[in-house]
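What follows is a set of notes on a single structure, which appears directly below.
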Ligand SMILES: Nc1ncnc2c1ncn2[C@@H]1O[C@H](COP(=O)(O)OP(=O)(O)OP(=O)(O)O)[C@@H](O)[C@H]1O
Ligand SMILES: Nc1ncnc2c1ncn2[C@@H]1O[C@H](COP(=O)(O)OP(=O)(O)OP(=O)(O)O)[C@@H](O)[C@H]1O
Ligand SMILES: [Mg+2]
Ligand SMILES: [Mg+2]
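Residue numbers (my numbering), protein chains in the order written: chain A, 1 to 235; chain B, 1 to 343; chain C, 1 to 386; chain D, 1 to 257; chain E, 1 to 288.
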């Protein structure tokens, strides 16, 4: 039960806006932690703060016991943290192949194997290997973005709404991929698809208005109709 | 809304400046300053016209000098061919405007389908061709040497000319300001922000771009006519890249998409140039005053990233929103993001 | 400075004998700055020479105000107006570029002040754009052309010409052609190149095809064709090159042209007279042993012309008074005696037929005198149609 | 009755790949049809063809019986074919209000007017605010669009479409990335439009519960081809659809909600 | 035929020179999308410092190395001071780089004096060969050779490494590249320095060709460079090469056959290309 990543009273300003106003969160090694919350709650900003894109103004981000709050994004990424942004972050002018190439840090055998696996899982990517990223369909972009994060060895993966825009059957594949990754990687997941979240999540953290309002194990949440209705509008 | 209050504040400032400018020639300690200010006004008109393209429609043109040049040549040629009367001068302004309107319409149709860089380069090419024509059509233009002509007698009085140009500037400013704050102007801004989306809202974007190009061209022609009068001389330099760069620099220094900015920019550049080169007479280190002039550009980018007016405006808005709504910082003000405005 | 104080001080000056102010416009920055500097040095020297270092004439002090035109017509007009209005100058001198000068001409007429044009060469200054307040100490393009023709044109000579494709080149060739044909030569080919071009081989190919006896080149600007002329071995193919000898910097580029016969407006060893000796010596003394360059004597001459004119008018700087006095006026300059022609106020002056030779201790080909051309020989046609 | 919109052998080819392949489709006015299909099936491309963003390599589209072949996207919007975009596509540096106001302006044909100040068109502003309130963005009218969170941008996208008030609405995954809590609200917005009864609506979605809830009919695209077109229950029983699109997760989803 | 060969070789040489000049811009403008108007300044500084090193040492090779080193150093300074704050913003780029251009070319005059400086071709490259009517100027053959070598090197590097991809990706989405663990700032700095070194190198090679260097030479050539990069297709080395050769040949042949249009030839060429093939002559339309 090692804590891999810890957010301590995290606050983030973007320009003059106070977006995160106190995020308290811990990711346990080997688990999938799910961030939940309504639109504009600050889920994406939390992930961006971890990876260093919107640096924290107060509080700490601890990764493997060291503080990484003030580090540069590429430094943080090179510690072994991957990020799948909500807008997929595909390089539009580069082909699928080139997108993968830019992402791969070192072309080891293992990486090649992983690449083969993920292409097997998302055959569309293989099919459109030479197509410009900007011309992919919405779902294909999502797949590519996942694939890019998947091929590298990451200790921690931040995934922002992977199921968005995917056909139900592909959502299953994404879940499969995440389950596969989970073997070696700790994952923080932002997900609106509650079925998916509840199936693969170990713990959850609820964010509202830039603050952590609740957290606990996923099993608890599934059982707690009251909480679900109050914060997630389901049940 | 807060916005309306801002507008009235703006109008008050506007009025004060106008009044100051009206008294300027009578209190200014020299006629040179009057002439310098006249020059500032003329380039303000040019820079404002450029702002319609760059700031409001998001078009970078490297060929704006051709419109300026057409205006200047039209006035010069008509005044030297016919009488140097006010009538001919006014006619020449109209003719210049019609002619540039026509040219910018054609050029617009030809070029405006292209994307940024390509458009910019094509305008460079076309204005380059105009420059060659001005050079080669020597029977009329006298080529690069150029020719002098007589201005209408009224304009011999520099103060009168000052007021004439001031009136042109104010009118051009008011007309253009209304133009950009009208529904049509809003569509131009939409084109700048996201042309494809504007199209899918049902606007024929090409038409808007051509309109912007015509308006910019016509106004540039006016400034060209005035410029010719101010020198009573014209040569190929009115078509040169330098004129385009001047317009561009003035617009950017003042702040793109602000309309007041180009006026401020023109003021800053002309005054800086005047005084820096003047300093060279007294202090030898200013012999290379152009170095300081170049540094001015660099400093403006660093301290006024959105141009002088743009940056001050943003600071003002931030300050105001902090003052008026300290409790709700998330209720955002329209802060233009540091995103690129060209594409 | 305040308008009132400057006004009152100049009033005061006038009561005490007064000051004559001369405003000089020149390109002190930008591409033409070396020309501007030559004019400036020449002018200062000329003033000292003409007033024996006192800078006084007819009891009045002479004061000089310098302004940089930046080679931009609108700046030139601004600065000229400043000179005329704020400084209240009595004379204008300038400027390094024809464009700037042309733009300023009408101001001289408007304020009725004498303007000495130096060193702008465009024919139109004393031609189509002439006004009576304009006097030019500089030579004009036509004079160059006449000098050039005198150097090479003989009955039956076949000449090809090469020039940059803008007014300066076109006017120069036009005048040259007229002069050369008058002397019985034939111009077989006129080639023009983009003034900014760097590759001239195509033009030279064409010239080689035409097989002329001479190639006459008019060129200004630093991107010169000399290297390529040498590379293509025009000389060995029997085509002799002729051109004007430029300023020293540009002469350095002409090493490939050693042996060339052409003309010169000025090189410090060419004129043989006391004024020039004084100039060379004094110039070396003041400017760490440098010799005067192409436009130094021009600046010098314009200063002399002003002082001489003031002597004649006994210190009266009024334009209208000066015009008749200056028309036909002769004055001594480093180039010998110059005379303002009555009709168009162009100073007729000696020019030089020269040959470029290598000389020890000099790192550029030196123009060596073949023959001095008299002012009459190179007198250009009168073009101001009045 | 003449279908309001109809395609004939509609196809488009990108390189060697036929993204939409011989689709014959028709739709009655005031009808609500959903399009489903796996990722990359050609749904968005089909929309792009209808809206004129792309030109077909083969086939034709007919609006009220008239061919649209020569009409650009601009013309089609004006003829009543409005769309929202799957990848959020707004004016990033303008405020939310200005974004919507532009759409209203286009519909009201206030296009080339340059005499009056735009603030004098109060009706336009009011209507824009109204639309924003309808999609729950009333609290963000003055925010700059680029500062919105993802879900908020989706709402803005819908507000702009509503403001265009076209007869036919093409909705491309309007609720993608919207939070569980807010999906129902958007669903209500769409339902209320449907219930007003004067709009023809085509919806692309992957949320089956929502589709089943709203649709009069469903069409399935697969590999660019029209696989099936029928009532919701017909489609749900179709085995190919089950295998190719829904997979196992779907059942669970139904149970949960 | 002889005439044709002469015109062709000379056009080719001019084209190559333009290519050398434009290759730095292909990196900085084409690939990194920075509108660097100070490029001409780097070009002039390369020429002056290279010639300074050449005269001082007497060796042309040392001169070239001097130019390249100057290019790298100036590139570093420029990127750090001038370009870093304005990546991705063309408007600011125009202003700040034009300002820097003024500073650079005026500083030339402070350091090296305001006058042009004559430059001689090293003796082993001077003169020409004559084959009947065909005249080959040695220095031009040298330039053609260097041009192809440089082209080969760049093609090789870009094919074999990810650097080109990374730069293009970085221009499209800087944040995302960093998320992938790449220090994009350092990559940009490196590419910019290389581009500057290429500009300086081009300036150095230009110097003996035109026989003189002067402070104002930068802007003229920079504009030509921009033209070539655009009509060749942004960021494509083979495109720039072809476009540069096209410009060179067109100039050469037009000056001979249609002299009346030679003033306008570059502009006409550019206008035609842009009207009929706006994405550039030699790129496929893949990138929008
Ligand atoms: N660049 C920015 N400038 C100003 N405000 C911003 C910026 N980015 C985000 N915000 C604001 O911060 C808040 C949180 O945004 P965030 O993107 O983290 O939400 P989210 O929880 O991911 O929502 P969603 O589910 O819609 O993606 C929102 O209200 C948004 O408007
Ligand atoms: N402009 C284009 N150029 C090349 N291929 C394209 C282009 N647009 C779409 N495609 C291809 O056409 C196919 C259909 O894409 P489309 O966007 O229509 O899918 P979709 O059904 O909307 O999928 P999703 O549910 O993932 O959004 C995809 O394989 C995509 O790669
Ligand atoms: Mg989010
Ligand atoms: Mg889609």
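All C-beta atoms in this analysis are idealised placements derived from N, C-alpha and C, irrespective of residue type, glycine included.
One or two residues paired with residue i in a DSSP bridge
| i | result |
| --- | --- |
| residue 367 of chain C | C:356 |
Short Cβ contact (8 Å threshold) for residue i with residue j
| i | j | result |
| --- | --- | --- |
| residue 309 of chain B | residue 238 of chain B | no |
| residue 202 of chain B | residue 74 of chain D | yes |
| residue 226 of chain B | residue 165 of chain B | yes |
| residue 70 of chain B | residue 221 of chain B | yes |
| residue 61 of chain B | residue 123 of chain B | yes |
| residue 79 of chain D | residue 219 of chain D | no |
| residue 358 of chain C | residue 365 of chain C | yes |
| residue 187 of chain C | residue 222 of chain C | no |
| residue 167 of chain D | residue 199 of chain D | yes |
Residue i Cβ short of 7 Å to ligand 2 heavy atom set
| i | result |
| --- | --- |
| residue 88 of chain D | no |
| residue 43 of chain D | yes |
| residue 17 of chain D | yes |
For residue i, the three-state DSSP class (helix, strand or coil)
| i | result |
| --- | --- |
| residue 130 of chain E | strand |
| residue 233 of chain D | helix |
| residue 327 of chain B | Unreliable positioning characterises residue 327 of chain B in this predicted model, as indicated by a pLDDT of 42, which lies under 50. A coordinate reading is not provided. |
| residue 214 of chain E | coil |
| residue 219 of chain C | coil |
| residue 105 of chain D | helix |
| residue 281 of chain B | helix |
| residue 230 of chain A | helix |
| residue 13 of chain A | strand |
| residue 320 of chain C | helix |
Distance cut-off 7 Å: residue i Cβ against heavy atoms of ligand 4
| i | result |
| --- | --- |
| residue 155 of chain D | no |
| residue 138 of chain A | yes |
| residue 172 of chain D | yes |
Other residues of its chain near residue i: CB distance less than 8 Å, five sequence neighbours each side excluded
| i | result |
| --- | --- |
| residue 301 of chain D | Since the displayed chain D opens at 1 and closes at 257, residue 301 of chain D lies outside it and no answer follows. |
| residue 118 of chain A | 125, 146, 147, 150, 151 and 177 |
| residue 59 of chain D | 7, 8, 9, 10, 11, 22 and 23 |
| residue 261 of chain E | 254 and 268 |
| residue 308 of chain C | 50, 329 and 331 |
Close beta carbons around residue i, own chain, < 6 Å, minus the five adjacent residues each side
| i | result |
| --- | --- |
| residue 1 of chain E | none |
| residue 38 of chain C | 293, 295 and 296 |
| residue 78 of chain E | none |
Heavy atom of ligand 1 within 7 Å of residue i beta-carbon
| i | result |
| --- | --- |
| residue 41 of chain A | yes |
| residue 14 of chain A | yes |
| residue 21 of chain A | no |
Proximal residues to residue i (C-beta, below 7 Å), its chain only, five neighbours per side dropped
| i | result |
| --- | --- |
| residue 229 of chain E | 22, 25, 26, 29, 30 and 240 |
Any non-hydrogen atom of ligand 3 within 7 Å of residue i CB
| i | result |
| --- | --- |
| residue 208 of chain A | no |
| residue 149 of chain D | yes |
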